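If you read the first sequence in this note's numbering, its first letter stands for residue 28, the second for the next number, and so on. Every residue, glycine too, gets a C-beta built ideally from N, C-alpha and C. Computed from a predicted structure; not experimentally measured.
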Amino acid sequence: MEYSSKKLEKKWQEYWAQNGSFEPNEDFTKAKKYILSMFPFPSGRLHMGHVRNYTISDAFARYYRQQGFNVLHPIGFDSFGMPAENAAIKNGSHPKTWTYSNIDYMKGEFKSLGFSFSKERELATSDELYTKFEQGFIIDMYEKGLLYRKKGFLNWCPSCQTVLANEQVLEGSCWRCDTNVVKKDMNQYYFKITQYGDELLSDLAKLEGGWPKQVLTMQENWIGKSYGLEFKFSFDIASRERLNNKFDGFEVFTTRPDTIYGVSYAALAPEHEIVNYMIENLLLDDDTIIKIQEMKNTSSIDRQKEKSGVSLNLNVTHPLTKKSVPIWVANFVLMDYGSGAVMAVPAHDDRDFDFAKKYNLPINAVIKPFNGDLSDDKAFTEVGELFNSESFNGLNSKDAQGKIIDYFEAQNIGTKKTNFRLKDWGVSRQRYWGAPIPFVHCDSCGLVMEKKENLPIALPEDIVITGEGNPLDKHPTWKHCKCPSCGKDAVRETDTMDTFVESSWYFLRFCASPKNWQDEAFSKEQIEYWMSVDHYIGGIEHAILHLLYARFFTKVFRDLGYISFDEPFNKLLTQGMVLKDGAKMSKSKGNTVDPDAIIEKYGADTARLFILFAAPPTQELEWNDSAVEGAYRFIKRFYERSSNIVKTDSIPQIDHGSLSKDEKFARKKVYEALVRANDVYGEKYTFNTMIAGVMEAMNALNAQSNSDVWSEGYWILTSIMEPVIPHVCSEISSEYFSLKNLTSQRVLEEVFVENVIILGVSINGKARTEIEVASDESQENIMKIAKESAAKWLEGKTIVKEIVVPKKLVNLVIKD
RNA sequence: GCGGAUGUGGUGAAAUGGCAGACACGCUAGACUUAGGAUCUAGUGCCGUAAGGUGUGGAGGUUCAAGUCCUCUCAUCCGCACCA
Numbered sequence: 028m029e030y031s032s033k034k035l036e037k038k039w040q041e042y043w044a045q046n047g048s049f050e051p052n053e054d055f056t057k058a059k060k061y062i063l064s065m066f067p068f069p070s071g072r073l074h075m076g077h078v079r080n081y082t083i084s085d086a087f088a089r090y091y092r093q094q095g096f097n098v099l100h101p102i103g104f105d106s107f108g109m110p111a112e113n114a115a116i117k118n119g120s121h122p123k124t125w126t127y128s129n130i131d132y133m134k135g136e137f138k139s140l141g142f143s144f145s146k147e148r149e150l151a152t153s154d155e156l157y158t159k160f161e162q163g164f165i166i167d168m169y170e171k172g173l174l175y176r177k178k179g180f181l182n183w184c185p186s187c188q189t190v191l192a193n194e195q196v197l198e199g200s201c202w203r204c205d206t207n208v209v210k211k212d213m214n215q216y217y218f219k220i221t222q223y224g225d226e227l228l229s230d231l232a233k234l235e236g237g238w239p240k241q242v243l244t245m246q247e248n249w250i251g252k253s254y255g256l257e258f259k260f261s262f263d264i265a266s267r268e269r270l271n272n273k274f275d276g277f278e279v280f281t282t283r284p285d286t287i288y289g290v291s292y293a294a295l296a297p298e299h300e301i302v303n304y305m306i307e308n309l310l311l312d313d314d315t316i317i318k319i320q321e322m323k324n325t326s327s328i329d330r331q332k333e334k335s336g337v338s339l340n341l342n343v344t345h346p347l348t349k350k351s352v353p354i355w356v357a358n359f360v361l362m363d364y365g366s367g368a369v370m371a372v373p374a375h376d377d378r379d380f381d382f383a384k385k386y387n388l389p390i391n392a393v394i395k396p397f398n399g400d401l402s403d404d405k406a407f408t409e410v411g412e413l414f415n416s417e418s419f420n421g422l423n424s425k426d427a428q429g430k431i432i433d434y435f436e437a438q439n440i441g442t443k444k445t446n447f448r449l450k451d452w453g454v455s456r457q458r459y460w461g462a463p464i465p466f467v468h469c470d471s472c473g474l475v476m477e478k479k480e481n482l483p484i485a486l487p488e489d490i491v492i493t494g495e496g497n498p499l500d501k502h503p504t505w506k507h508c509k510c511p512s513c514g515k516d517a518v519r520e521t522d523t524m525d526t527f528v529e530s531s532w533y534f535l536r537f538c539a540s541p542k543n544w545q546d547e548a549f550s551k552e553q554i555e556y557w558m559s560v561d562h563y564i565g566g567i568e569h570a571i572l573h574l575l576y577a578r579f580f581t582k583v584f585r586d587l588g589y590i591s592f593d594e595p596f597n598k599l600l601t602q603g604m605v606l607k608d609g610a611k612m613s614k615s616k617g618n619t620v621d622p623d624a625i626i627e628k629y630g631a632d633t634a635r636l637f638i639l640f641a642a643p644p645t646q647e648l649e650w651n652d653s654a655v656e657g658a659y660r661f662i663k664r665f666y667e668r669s670s671n672i673v674k675t676d677s678i679p680q681i682d683h684g685s686l687s688k689d690e691k692f693a694r695k696k697v698y699e700a701l702v703r704a705n706d707v708y709g710e711k712y713t714f715n716t717m718i719a720g721v722m723e724a725m726n727a728l729n730a731q732s733n734s735d736v737w738s739e740g741y742w743i744l745t746s747i748m749e750p751v752i753p754h755v756c757s758e759i760s761s762e763y764f765s766l767k768n769l770t771s772q773r774v775l776e777e778v779f780v781e782n783v784i785i786l787g788v789s790i791n792g793k794a795r796t797e798i799e800v801a802s803d804e805s806q807e808n809i810m811k812i813a814k815e816s817a818a819k820w821l822e823g824k825t826i827v828k829e830i831v832v833p834k835k836l837v838n839l840v841i842k843d
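Below you can see the structure in the form of C-alpha cells.
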C-alpha cells in the first residue's frame, strides 16, 4: 500500500463536495458551534498565514462535527478595496474581473487543502446582493443619527488619492502604501462610534477569558478613556479687544487638576479656531503666520521631533489665582483631542517642561516629593505633596485632583469631564471599488437618503481607472439621478465606503439561510441560533480595527432591533505569524513558501500536520523544510501501518488483563492521546501536544503485534487525527471501519490502571534512583524499598524528613 | 514614556510545584541496499573515560521539592504614543 497524497486527497475532496458534507443543517434544536476564520482579501493566492488560519478553524469545525454539533463553518471574500484598482491601473484589468477570477482561483486552493467550509454560504462582499443590504443598514444608521457628514481635517493619502481613517494611519503613513499622510480639509461621512465608546470599553469585561488579554488591552488603550477637569480660560480685556470681541476665551481639558496652581502658560493647536481667526484677519505679523503655517504643514511624525511654537501676545486670567497667563501656539497640541488647547504646567509635565525651557517660560513647582527634593532639570510627574497651592497646600496630589474638581464645580467655573481618545470613524473613500454610499445631493432637499426599494445602488462597469481622482465622479452619467424626495434632477454621492464596513457584519450574513438570501440580510431566528461566534480565528493585526468595528456594528444592530446580544465573538484565537529564516514571510524579502507548491509535493495533509505540529497556534511558526519532510514521513507511516488493522465495524473489545506489557502500554498511550485531544479542542488549543501524543501512541503500537490492539488504536487515532489530516484518516477509516469511527470516542479508564508503578527516589530533592513497587503498596513499604535502593547515598547520614508523593516519587531529606 | 508578551539543547518545542528536555527536526553510528535525500535499529543537554558534576536569561527568596510561586534585574519582540 503506497501512500499517494494526490490520488487520495482528490478522491475525498470529491466525496465531500458530492455529499455536501459540510453544510450546516437548519434544525435549530440541535446544539451548535459557529466556527469562523477571518475571511481573506482575494489577492490572488493564499499565503501560509491563510493556510495556518484556516487549518486551525477547520480542525475545530471537524472536531465539533464528530462530537455531534451542528457546525457552521463559512468562508467568504472581503473583496472590495484598493488592490483591485491598483491592479487595474497596472495591467488594465477591470477590478471586478480581477477580483472574481482571484476568488475562483482561491476557492480552488481551499478545496485542495480539504477545508470543510460550507459551499452554499460562500459570499463576496462586492456581490451586489451584499451591497444591497449593507446600503440598507447605512440608511438605518443615518436615520438613527449614527452616520453624519461634516467638513473636517482628514488624513489624506496622496498616493492612494483617498481619505484614511485614523486607525489606518500608522506612524504618520498610509497603512497600505506607506506614503506620508497629509491633512486635507474636506467633507466626509462619519459613523458615530464615539457614542458607543463607554459600552465598547465596559463590555470588554464580558470578553475576559475568551479573548487574549493583549487584544483587550489594545482595545482599552485605543478607546483611551480618561477623567479630568474641563474649564474655560477667559481673555483679559486687551486680548478680547484685539480679537474684535469675537472670542471671550477657550476651553481646556486636564487630567492633572492638582497641578492647576503651577500653570505658567496655555497653548493652542496650530489648527485652533482662534489661531485661524487671527491669521485670516491679519492680527499677527507675517513672521508669526509663516511659523504657524509651517507647523500645520508638518506631518505628525516630524512634529514629534522637536517642540516649537510662537507667542500670540494674548493673555488669559488664571481661574483661581487671577494672574495673567500668556497664550502660545504649540506644535505638540493636537487639534483632535480634547478641545485643541491645553493649560501648561512645565514643573509637572515633560512636554510643557521642554517647551518652557526652549522659550524661557516660567516653571512654577506646586508639588514636591514626599521625601527628597525637586530637581531643576526635569519635570516632577509623580505623586507628591501640594505646596504654593493656597488652601490645597499639604494635600496628597492624588487626593487633590478630586478636591480641586469639586471646587471648580462648586464655584461654577469648571466641570468633571470624561474624554476619549477614540474618534468618530470616517468611512467615505474617493475610490471606485467599494460600496457606494446611498445618498443623493439635491439642490432643493439637500442630502437625501436613497429609498430602500431602489437598492442596491450598484457600481457602473464602464469606468476608466487612472489612479487620479474618483472614477465614479468622472463617470459621464452614473451620478446623475432624480431626487428620491422631490423628483428633481440631483446628483449621487460618489464616495464609496471604507471596506471595513463590509467586514463589520459579514459574520451575521453567514447565519442567514441561503434560501432566503435574496429577500433578507438575515433573520432574527437564524441569528439567535448561530450567534455568538464560538471560535473566531485570525491574525493579531486586526486586534483594533476590524474587531472594534465589528463590535460597534453588533451594538448598533442590537439598538436597531435586528439582534439581541451585545458581543459578536465569544472566543477569539489570534494566531501567530508564519516566519521563514526568522522573519515574516513576505514577497519583498523573498522568503515566501507557496502553499500550492507544498500541496503539489507532499499533499494537503502534510501541510496541515506540519502547521499544527510545529508550534501552538498563538505562537509564531517557523517554517522548516525538513520538518515538513518529517510530517510527510509520519503520514506515510501512518498510512502504511494501517495494514495491521483487521477490518471491523465497531471498536474491538479487548480483555486488558490478558495482554502483554507492550500491548498494555500501547493501549495506554492510545487512550492518553484521546484524553489529550479532548483537552486541546475544549480549552488549550495546543494541537502540537495532541499530535505528539498520537506519535507516541503510534510508536507504542509499533512495538507490539496484537492485531486487536492495532485495530482499536487506529479506530481511535484516525478519529482524533481526522480534524488535522482528514484525507488520509478518511481513507483509512473507510477502508477498515466503514467510516463508523469518526465520532466522539469513549475513554476506557481500565487501561490507565497499573499494578506495578515506578517511583523516583530523590535525596534532598535531587533525583538519585528509581524503584518499582505494586501500585497499592503501603507507604511504609515504599519507604522501606526506597531506603534500600538508595542505601549508598544514605550511608553515615541521618534522615530528617521522609516524603512520599503518591504515584510520583519519594524524597528523603538527610544531613551528616 | 505607557501597555502586553517571550526568554528552556544545534533547531521547533514539552513539562496540574514532584525524575527538565516528551514529540519532532538535525546530527552520529550501524543494518538493508547497485544507490540513498528511501526504510529500519541505536545514540544524542553540557562537562567528564568513568564515578559524578552541572543545567530552564541573571540575582535573591518561599518550599522536603521551583522552568513553574514571590521580589528585583537584564534582553528581545509586539502594540500605542506629544492624548494634556
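- A88, DSSP secondary structure in three states: Here A88 sits in helix by DSSP.
- Contacting residues, own chain, Cβ-Cβ under 6 Å from Q731 (five flanking each side not counted): The residues are D689, E690 and A693.
- Item | Rounded separation between K793 and L839 - CA only | Cα to Cα, K793 sits roughly 9 Å from L839.
- Message: List, from N- to C-terminal side, the beta strand (DSSP E) runs of 3 residues or more that fit wholly inside the region 440–482.
- Response: If we require 3 residues or more, the beta strand (DSSP E) runs fully inside the region 440–482 come out as 441–446, 466–469 and 473–476.
- Task: Counting only the same chain and skipping the five closest in sequence on each side, list residues whose C-beta sits under 7 Å from that of E226.
- Result: Shown here for E226: same chain residues with a beta carbon closer than 7 Å to its own, the five before and five after excluded, namely K582 in chain order.
- Message: On the CB-based measure, 16 or more other CB atoms within 10 Å of its CB, does I116 come out buried or exposed?
- Response: With fewer than 16 other Cβ atoms within 10 Å, it is exposed.
- Item | Nearest to Y91 (by Cα), restricted to the options V707, G236 and G135 | Here the closest residue by C-alpha is V707.
- Query: Do three or more CB pairs link the region 447–457 to the region 519–533 at distances below 8 Å?
  - Reply: Pairwise C-beta distances place the region 447–457 in contact with the region 519–533, as three or more of them are shorter than 8 Å.
- Item | For A7, three-class secondary structure by DSSP | No answer is possible for residue 7: it lies beyond the span of the chain, which begins at 28 and ends at 843.
- So, F640 versus I571, is the Cβ gap smaller than 8 Å? Cβ atoms of F640 and I571: not closer than 8 Å.
- Unbroken alpha helix (DSSP H) runs of length 4 or more, entirely within the region 779–821: which are they? Within the region 779–821, complete alpha helix (DSSP H) segments of at least 4 residues are found at 806–816 and 818–821, given in chain order.
- Query: So is T442 buried or exposed if we call it buried at 16+ other beta carbons inside 10 Å?
  - Reply: So T442 ends up on the exposed side.
- Task: Using DSSP bridges, identify the partner residues of Q195.
- Result: DSSP lists no partner for Q195.
- Task: Could you check if S530 is buried or exposed, using at least 16 other CB atoms within 10 Å of its CB as the buried criterion?
- Result: Note on S530: 16 or more other CB atoms within 10 angstroms of its CB, so buried under the neighbour-count rule.
- Bridge partners - C187, DSSP secondary structure assignment: For C187, DSSP assigns no beta-bridge partner whatsoever.
- Message: Assuming the contact rule is C-beta atoms closer than 8 Å, I130 and S106 should be a hit. Round their C-beta distance to whole Å, please.
- Response: In this structure I130 touches S106 by the C-beta definition: roughly 7 Å separates them, less than 8 Å.
- Task: Give me the Cβ distance between Q646 and I83, rounded to the nearest whole Å; I'm assuming they're in contact under 8 Å.
- Result: Their Cβ separation, rounded to whole angstroms, is 12 Å, which puts Q646 and I83 out of contact at 8 Å.
- Item | Residue(s) in a DSSP beta bridge with R330 | Secondary-structure assignment with DSSP links R330 through no beta bridge to anything.
- Query: What number of angstroms, rounded off, separates the C-alpha of E815 from the C-alpha of E822?
  - Reply: Rounded to whole angstroms, E815 to E822 spans 11 Å at the Cα level.
- For V605, which residues of its own chain have a beta-carbon under 7 Å away from its beta-carbon, when the five flanking residues on both sides are left out? Excluding positions up to five away in sequence, the list reads M75, G76, R79, M612, L648 and W650.
- Message: Tell me whether the region 321–337 and the region 230–248 touch, counting them as touching only if at least three CB pairs, one residue from each stretch, are closer than 8 Å.
- Response: The region 321–337 vs the region 230–248: no contact.
- Query: Leaving out the 5 sequence neighbours to the left and right, which residues in its chain are closer than 8 Å to I440 when beta-carbon positions are compared?
  - Reply: For I440, where only same-chain residues beyond five positions count, the Cβ hits under 8 Å are F258, K259 and P346.
- Query: How about T852 and Q188: do their beta carbons lie closer than 8 Å?
  - Reply: This structure leaves residue 852 out entirely; the chain is present only between 28 and 843.
- Message: Using the three-state DSSP reduction, which class does I394 fall into: helix, strand or coil?
- Response: Of the three classes helix, strand and coil, the one that applies to I394 here is strand, per DSSP.
- Determine, using beta carbons only, whether R148 and P101 come nearer to each other than 8 Å. Note that the C-beta distance between R148 and P101 is below 8 Å.
- Query: So which of V697, F49 and F764 has the shortest CA-CA distance to V778?
  - Reply: Checking every option, the nearest Cα to that of V778 belongs to V697.
- Could you tell me whether the Cβ atoms of V721 and I662 are closer together than 8 Å? Taking 8 Å as the Cβ cut-off, V721 and I662 do not qualify as a contacting pair.
- Message: With DSSP as the reference, identify every bridge partner of Y61, one or two as the case may be.
- Response: For Y61, which the question treats as bridged, DSSP gives the partners L99.
- If you drop the 5 nearest sequence neighbours on each side, which residues of the same chain put their C-beta closer than 6 Å to that of S757? W39, listed in sequence order.
- Query: Taking only runs of the alpha helix (DSSP H) that begin and end inside the region 346–414, which ones reach a length of at least 4 residues, in chain order?
  - Reply: Within the region 346–414, the complete alpha helix (DSSP H) runs of at least 4 residues are 377–386.
- Is C184 buried or exposed, if buried means 16 or more other CB atoms sit within 10 Å of its CB? Taking all protein chains in view, the Cβ of C184 is crowded by 16 or more other Cβ atoms within 10 Å, so the residue is classified as buried.
- Pick out whichever of I752, P679 and V208 has its Cα sitting closest to the Cα of R635. If you compare the alpha carbons of I752, P679 and V208 with that of R635, the shortest gap goes to I752.
- Query: How would you call R773, buried or exposed, if buried means at least 16 neighbouring beta carbons within 10 angstroms?
  - Reply: Exposed is the call here.
- Query: Whole alpha helix (DSSP H) runs in the region 93–179 with 4 or more residues, listed along the chain?
  - Reply: Complete alpha helix (DSSP H) runs here, min 4: 109–118, 122–139 and 155–170.
- Query: Nearest-angstrom Cα distance between S677 and W544?
  - Reply: So the two alpha carbons sit approximately 42 Å from each other.
- Starting from the C-beta of R585, find all residues in its chain whose C-beta is less than 8 Å away, skip the five residues before and the five after it, and write them out in chain order. So the qualifying residues of the chain are S591, F592 and D593.
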